[in-house]
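Residue numbers (this note's numbering), protein chains in the order written: chain A, 1 to 126; chain B, 1001 to 1389; chain C, 2001 to 2277. Heads up, the beta-carbon is just placed ideally off N, CA and C, and yes, glycines get one too.
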Amino acid sequence: MYGKGRIIPALLIFLGLMTFPLWYNAGFAHQAPKPEKPAEYKECVRPTQEMRTSHMVMLNQWRDDILREGGARKGVTANGTEYVRSLQNGCMHCHANKKKFCDTCHTYTAVKPYCWDCHLEPKEAN
Amino acid sequence: MIEKALKGGRGYWAWIIFLLAIMGMGGMFYVQQYNYGLGITGMSRDVTWGVYISQFTFLVGVAAGGLMLVLPYYIHHYKDFGRITILGEFMAIAAVIMCLMFILADLGQPIRALNVLLHPTPHSMLFWDMIVLNGYLFLNVVCGWAVLHAEYKGVKYAKWVKYLIYLSIPWAVSIHTVTAFLYCGLPGRHFWLTAILAPRFLASAFAAGPSLLLLVALIMEKTTKFRVGQVAKDKLVTIIGYAALLNFFFVGCEFFVAYYSQIPGHMHTLDYLFWGLTHDGHTYNNLVPFMRASMILGLGAIPLIFIARARQSTGLLALSCIILFVALWIDKGLGLVLGGFVPSMMEGVTEYYPSVQELGITAAVWATGFFVLTLLYKIAIEVKLEQEG
Amino acid sequence: MKQDRRDFLKVAGLAAIAGIGAPSAFNTLLKGEATASEHGAAAEAGHGEAIAAPTGKRWGMVIDVRKFVANPDLPAKCVEACHSIHNVPNFGNPKDEIKWIWPDKFEAVFPDESHYKRHEALHAMPIMTLCNHCDKPPCVRACPTQATFKMKDGVVAMDYHRCIGCRFCMAACPYGARSFNWRDPRGKDENGNPFIKTVNPKFPTRMRGVVEKCNFCVERLAIGQIPACVEATGTTGAMVFGDLNDQNSEVSKVLSANFTIQRKPSLGTYPSLFYII
């Protein structure tokens, strides 16, 4: 093979760089995020699995409905619990600790939602 | 064909590195702007568009100017422009790239720029501007490259290219008309609310674009073996001269309407631009020297360019191109956009001074445009010189 | 290039475009209903209620400048009420200034009115200036992303999630009602003082790079309250807010009993704000 002395080491380095995420994080995958659920509230506005997969879709639906169509600002769960359809005044009302709930999963998945550039977290008003 | 841009003499590489240096510096300033916000510029609550949008407005005109080479050759079969239509198309590419970069630099939330595509809004002129600008870029890239590549191969270009070239002709008119419509449809700003804005834009575009092209052609005569041809150069002078005359006639019309009707709303902006506006005891006139210079230079360039042609003087020709280009750049760049914001909607006056970062980013975008232009022109003239043997 | 490789690339390119284009085309067609409805609503509200028969709510306000003259502390109270509950930052300089409502001079607010040989007192009157929530808003026409739009009840609203910060709406507004976040509103000045003095935790701030303006307190209207500036005027009757389409509302009664003027009426924007001078 022509240029064996250069090509094979270069290929090995390339493979090493490309598989970096796999071997650098080896053994840490089991450290799944454990978001802390609020103690006082037992029911969320939607079932947990639905929230896990599509809470952003729901938030966007709330936003477009309330902001553009002047939709209802309050909702009712299947069990009759009333809630405010709002991130800042609804979700954060129960999930009052952003660090212990929202951030655990977001940091694990390296997601930086820009919601918090505008929406205020509870207590941490600035 | 691209490899032709990678071979060049000392002067070529010095120019490329100079441009890259400016682009790098502008990049750093942009990082500053991205982190701090657009407040780092000189724009304010009253003057919400500054140097970025004014450059964009001017450069749309330069891009449309490429039409002045394509139209005579492809529709009227004016053979002497045959060798240089590619130069017009490539200049349009560089100009449109600069336009798009200026728009992105000016956005408060640039990463949301795709919202214009995700939420199409046919009643907004900015939506149509995005469409026509990108369409024109696409047309020029495809047509220019196809024609040049065919020449490189020594064959005639494919049939479908001709239809796209025909499309690019009205499209060039549309890009500048839509840009004019951004301004002339806004009810509050009387300086912009004039039907003649779109014709004026087109007239100054057809003067500015070809004069830049003529200037670059003269530079290429000094730095390369490529010759545009005396007949083509003479014809360009005709186009530039008449377009410039028309532009200044339109300016004259604006002055007449404002000052004969004596309607304050029409007069105030022209007062601010050419004589200084006194408001609340203070006289605001930071643009007056520029606007007056623009008129004098522009009107002077017209006889000058005809004299240059009569005397076959390259130096005089280059000079007249430069001063006409600068005059139109001041008129459309500074005068039009900044003038629309004075007086403000509350009849106040806020003057505008660009900041260092703003000027740095502006220079970097211009450098990028010239960088693209240099690369494309290098490829084009290498191919042509090779083919013409 | 051999001919078959060329053909392969052509086919591959077209397939890629189709593959990317088809799902987004489907999405647009399906979402088309949603976009059309919000568009339709905006268009209806824009064209229907200017002169035609009243259909649905149309929020409007009468500002009685005489009462503001009689109560000199009122303008500042209105501004404070609005800016504090909406977390409007104070940057301390006119260049970066953000204001949703402010008092201004007669010549500035009504440039179309004659200023020739007017009585002296006119020059000193504080005219409360805010977004007019026009019936035919030029800003809505200008916005390339529909980030500003007209709601069914007449309010011209802002969607800060969608705004790209192009400031075309600011160029389009004939009244200078809009402000841009030239910097981060949550920042601090050189002395370490935050731009938002006291944050209202019930209402979001905005981010840098978006345009903002008076929103007619839609969040208060939704729970049956009147706008904060109107509430700040208390019982003086300096600002009367209500449904312009309801002939029995207080605002309609005030309008039929008093001569009012509007800002720049020749532009055909049909504002929702009326002034008694």
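For a cutoff of 8 Å on Cβ pairs, would you count residue i as touching chain B?
i	result
Ile2164 (chain C)	yes
Leu2244 (chain C)	no
Phe2168 (chain C)	yes
Going by DSSP in three states, residue i sits in which element: helix, strand or coil?
i	result
Ile1323 (chain B)	helix
Lys42 (chain A)	coil
Pro1187 (chain B)	coil
Phe1343 (chain B)	First, the amino acid is wrong: residue 1343 (chain B) is Pro here, not Phe. Three-state result, Pro1343 (chain B): coil.
Phe1056 (chain B)	helix
Trp1192 (chain B)	coil
Cys118 (chain A)	helix
Leu1006 (chain B)	helix
Met1267 (chain B)	helix
Met2239 (chain C)	strand
Ser2179 (chain C)	strand
Ala1150 (chain B)	helix
Phe2149 (chain C)	strand
Lys2264 (chain C)	coil
Pro2194 (chain C)	strand
Thr19 (chain A)	coil
Gly2032 (chain C)	With a pLDDT of only 46 at Gly2032 (chain C), under 50, the local geometry of the prediction cannot be trusted, and the value read off the model is given with reservation. Note: Gly2032 (chain C) maps to helix in three-state DSSP.
Gly2013 (chain C)	helix
Tyr2116 (chain C)	coil
His1279 (chain B)	strand
Can you find a CB in chain A that lies within less than 8 Å of the CB of residue i?
i	result
Thr2148 (chain C)	no
Thr2205 (chain C)	yes
Ala2228 (chain C)	no
Lys2077 (chain C)	no
Which residues in chain B sit within 8 Å of residue i, going by Cβ to Cβ distance?
i	result
Ala2012 (chain C)	Result: empty, since nearest Cβ-Cβ is about 18 Å, beyond 8 Å.
Lys2188 (chain C)	Under the 8 Å cutoff, chain B gives no residues; its nearest Cβ is about 13 Å from Lys2188 (chain C).
Run through chain A and tell me which residues come within less than 7 Å of residue i, C-beta to C-beta.
i	result
Ala2222 (chain C)	Arg73
His2161 (chain C)	Arg63
For a test of your reading of the model: does the CB of residue i fall under 7 Å from any non-hydrogen atom of the ligand FMN? Yes or no.
i	result
Thr1085 (chain B)	This structure simply doesn't include the ligand FMN, nor any ligand for that matter.
Whose Cβ in chain C lies nearer than 7 Å to the Cβ of residue i?
i	result
Asp117 (chain A)	Met2207
Gln49 (chain A)	The contacting residues do not exist; Gln49 (chain A) stays about 24 Å from chain C at best.
Ala1113 (chain B)	Ile2164
Gly70 (chain A)	Met2151, Lys2152 and Asp2153
Leu17 (chain A)	What Leu17 (chain A) touches in chain C: nothing, since even the nearest Cβ is about 27 Å away.
Phe1029 (chain B)	Within 7 Å Cβ-Cβ: nothing; Phe1029 (chain B) doesn't reach chain C, min ~16 Å.
Quick one: measure Cβ to Cβ for residue i and residue j, integer angstroms, because I've assumed they're closer than 8 Å.
i	j	result
Gly1241 (chain B)	Ile1323 (chain B)	Actually they do not touch by this definition, with Cβ atoms about 13 Å apart.
Met2158 (chain C)	Ala2147 (chain C)	7 Å
Met1091 (chain B)	Gly1209 (chain B)	7 Å
Asn2132 (chain C)	Ser2272 (chain C)	6 Å
Met1001 (chain B)	Leu1148 (chain B)	7 Å
List the residues of chain C that residue i touches, going by C-beta distances under 8 Å, in chain order.
i	result
Leu1037 (chain B)	Sequence inspection shows Gly at residue 1037 (chain B); the Leu mentioned does not correspond to that position. Going along chain C in sequence order, the residues near Gly1037 (chain B) (Cβ under 8 Å) are Asn2181, Trp2182, Arg2183, Asp2184, Arg2208 and Gly2209.
Trp1049 (chain B)	Arg2167 and Ala2171
Val1116 (chain B)	Pro2144, Thr2145 and Ile2164
Counting only beta-carbon separations shorter than 8 Å, does residue i have a partner in chain C?
i	result
Met1346 (chain B)	yes
Gly90 (chain A)	no
Leu11 (chain A)	no
Leu59 (chain A)	no
Leu67 (chain A)	yes
Arg1045 (chain B)	yes
Leu1319 (chain B)	no
Anything in chain B within Cβ reach of residue i, meaning under 9 Å, just list it in chain order.
i	result
Tyr2175 (chain C)	Gly1188, Met1345 and Met1346
Pro2094 (chain C)	Ser1044, Arg1045, Asp1046 and Thr1350
Chain C partners of residue i, CB-CB under 9 Å?
i	result
Gly3 (chain A)	Going along chain C, no residue has its Cβ under 9 Å from Gly3 (chain A), so there is no contact; the nearest lies around 26 Å.
Ser1054 (chain B)	By Cβ distance, chain C contributes nothing, its closest Cβ being about 12 Å from Ser1054 (chain B), past 9 Å.
Using the beta-carbon of each residue, which ones in chain A are nearer than 8 Å to residue i?
i	result
Ala2157 (chain C)	Leu67 and Arg68
Cys2202 (chain C)	The residue asked about is misnamed: residue 2202 (chain C) is Lys in this sequence, not Cys. Residues of chain A passing the Cβ test: Gln88 and Asn89.
What does residue i touch in chain B if you count any residue whose Cβ is under 7 Å from its own?
i	result
Glu2120 (chain C)	Ordered by position in chain B, no residue passes the 7 Å Cβ test against Glu2120 (chain C), which lies about 17 Å from the chain.
Exercise. Do the region 71–91 of chain A and the region 43–60 of chain A touch if we need at least three Cβ pairs shorter than 8 Å?
Worked result: yes
Exercise. Is the region 1090–1109 of chain B in contact with the region 1055–1062 of chain B, if contact means three or more CB pairs nearer than 8 Å?
Worked result: yes
Problem set entry | Given 8 Å, three or more beta-carbon pairs between the region 1337–1347 of chain B and the region 1183–1195 of chain B | yes
Exercise. With contact counted as at least three CB pairs below 8 Å, one residue from each stretch, are the region 1065–1078 of chain B and the region 1362–1377 of chain B in contact?
Worked result: no
Exercise. Between the region 2069–2078 of chain C and the region 2225–2243 of chain C, do three or more beta carbon pairs fall short of 8 Å?
Worked result: yes
Problem set entry | Cβ contact (3+ pairs, closer than 8 Å) linking the region 2245–2259 of chain C and the region 2118–2127 of chain C | no
Exercise. Pairing CB atoms from the region 2079–2095 of chain C with CB atoms from the region 2186–2196 of chain C, are three or more of them under 8 Å?
Worked result: yes
Problem set entry | Validate contact between the region 1308–1318 of chain B and the region 2138–2157 of chain C using beta carbons, cut 8 Å, 3 pairs | no
Problem set entry | Three or more C-beta pairs below 8 Å linking the region 2172–2185 of chain C and the region 1150–1160 of chain B | no
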